[in-house]
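Colleague: Residues in the sequence shown are numbered from 79 upward in steps of one, following this note's numbering. Glycine is no exception: its CB is placed at the ideal position from the N, C-alpha and C atoms.
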Amino acid sequence: MITNEYLESRITFPLADVPDLYAIHQRVMAVTEGDKSITYAPAGHDLEGRMVVVMRSKPGIVMPVGTTAERKSVEYGITFTIRAGVRLVKQTRYGERMPTVDEAMEKWTNAMSAGSFLVANTRMVESAIAFHHQRLGQRTRLPFWAVSSTLTVVDSEKAAETMVRGVGRSRGLGFGMLMVA
79 MITNEYLESR ITFPLADVPD LYAIHQRVMA VTEGDKSITY APAGHDLEGR
129 MVVVMRSKPG IVMPVGTTAE RKSVEYGITF TIRAGVRLVK QTRYGERMPT
179 VDEAMEKWTN AMSAGSFLVA NTRMVESAIA FHHQRLGQRT RLPFWAVSST
229 LTVVDSEKAA ETMVRGVGRS RGLGFGMLMV A
């Protein structure tokens, strides 16, 4: 089903239950029963100090019990500002590395164009999150770009798909979701 709509829901977790990205991932996978058609991203803390997680899916996907899904749509020509934590990497013959600012800007613009958006007023700041990786038993550092950008929709169906799917690497850990500011 091709549509310019998507579903968005929010769920909260006590901070003690979600000390890192992998804990958030495990909790979301438990709540969604592993349904990978539901994407998510941490959205910060609420007034009571709980972690807020935004979940999105295409219409027709059942959101977890206890959450209220709000139907959203994107229309041709609308313009809005987004914020995102995006993992953009540069492939080299030696492996992967963080791209330079110019390389990251080019990757961002290309990804947004492929996702049916015109891009303007983009600001990118290199950042990283460090946490203890339980499976590896060591501290892990994930570099990413904190992005703020103004987007104009040029194809509403593809844009809705991008709003659900996100962009860049590590989307399974909540990176890449476009959060409307």
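(1) Could you tell me the distance, in whole angstroms, from the CA atom of Met-190 to the CA atom of Arg-128?
(2) Taking the alpha helix (DSSP H) that Val-242 belongs to, which residues open and close that run?
(3) I believe Val-131 touches Arg-161 by the beta-carbon criterion, under 8 Å. Please report the beta-carbon distance rounded to the nearest angstrom.
(4) From Pro-142 to Ser-151, what distance separates their C-alpha atoms?
(5) Report buried or exposed for Gly-193, applying the criterion of at least 16 other Cβ atoms within 10 angstroms of its Cβ.
(6) On the DSSP letters alone, give me the boundaries of the beta strand (DSSP E) that Asn-199 sits inside.
(7) Assess, as a yes-or-no matter, whether the region 201-210 is touched by the region 236-243 under the definition of 3 or more beta carbon pairs within less than 8 Å.
(8) Which stretch, first to last residue, makes up the beta strand (DSSP E) that contains Arg-249?
(9) Do you know whose CA, among Arg-171, Phe-195, Leu-166 and Gly-173, lies nearest Glu-181's CA?
(10) Report the residue from Tyr-84, Val-96 and Val-109 whose alpha carbon sits nearest the alpha carbon of Gly-144.
(11) To the nearest angstrom, report how far apart Val-50 and Gly-215 are at their CA atoms.
(12) By how many angstroms is the C-alpha of Tyr-118 removed from the C-alpha of Ala-101?
(13) When the Cα atoms are used, what is the spatial distance from Gly-163 to Leu-85?
(14) The beta strand (DSSP E) with Arg-88 in it runs from where to where?
(15) By Cβ distance, which residues of its chain are closer than 8 Å to Phe-195, with the 5 residues on each side in sequence left out?
(16) Who are the Cβ neighbours of Ser-115 in its own chain at under 6 Å, not counting the five residues just before and after it?
Modeller: On the basis of the coordinates in this document:
(1) Position 112 of the sequence shown, counting from 1, holds the residue named residue 190. Position 50 of the sequence shown, counting from 1, holds the residue named residue 128. If you take the alpha carbons of Met-190 and Arg-128, they lie about 31 Å apart.
(2) Start at 1 with the first residue of the sequence shown, and residue 242 comes out as number 164. In the DSSP assignment, Val-242 falls within the alpha helix (DSSP H) that extends over 234-243.
(3) In the sequence shown, counting from the first residue as 1, residue 131 sits at position 53. In the sequence shown, counting from the first residue as 1, residue 161 sits at position 83. Actually they are not in contact, since the Cβ atoms of Val-131 and Arg-161 sit about 15 Å apart, beyond 8 Å.
(4) Taking the first residue of the sequence shown as position 1, residue 142 is located at position 64. Taking the first residue of the sequence shown as position 1, residue 151 is located at position 73. The alpha-carbon atoms of Pro-142 and Ser-151 are separated by roughly 20 Å.
(5) On the sequence shown, residue 193 is found 115 positions in, with the first residue counted as 1. Buried.
(6) Residue numbering aside, residue 199 sits at position 121 when the sequence shown is read from its first letter. Secondary structure note for Asn-199: its beta strand (DSSP E) is the uninterrupted segment 195-211.
(7) The region 236-243, when compared against the region 201-210, does not touch it at the 8 Å Cβ threshold.
(8) By one-based count along the sequence shown, residue 249 stands at place 171. Note, Arg-249: premise wrong, no beta strand (DSSP E); not H, not E.
(9) Position 103 of the sequence shown, counted from the first residue, corresponds to residue 181. Glu-181 has its Cα closest to that of Leu-166, out of Arg-171, Phe-195, Leu-166 and Gly-173.
(10) Sequence index remark: in the sequence shown, residue 144 carries index 66 (1-based). Nearest C-alpha to Gly-144: Val-109.
(11) Nothing about residue 50 can be reported from this structure: the residues present for the chain run from 79 to 259 only.
(12) Translated into the one-based positions of the sequence shown, residue 101 becomes position 23. Translated into the one-based positions of the sequence shown, residue 118 becomes position 40. The C-alpha of Ala-101 lies about 13 Å from the C-alpha of Tyr-118.
(13) Along the sequence shown, read from residue 1 onward, the residue named residue 163 stands at position 85. Along the sequence shown, read from residue 1 onward, the residue named residue 85 stands at position 7. Taking the straight line from one Cα to the other gives about 20 Å.
(14) Here residue 88 corresponds to residue number 10 of the sequence shown, with the count starting at 1. For Arg-88, the enclosing beta strand (DSSP E) starts and ends at 83-91.
(15) In the sequence shown, counting from the first residue as 1, residue 195 sits at position 117. Result list for Phe-195: Leu-229, Thr-230, Val-231, Val-232, Ala-237 and Thr-240, in chain order.
(16) As a first step, residue 115 must be located in the sequence shown, where it is residue number 37. Annotation for Ser-115: Ser-135 and Ile-139 place their beta carbon closer than 6 Å to its own, counting only its chain and skipping 5 residues before and after.
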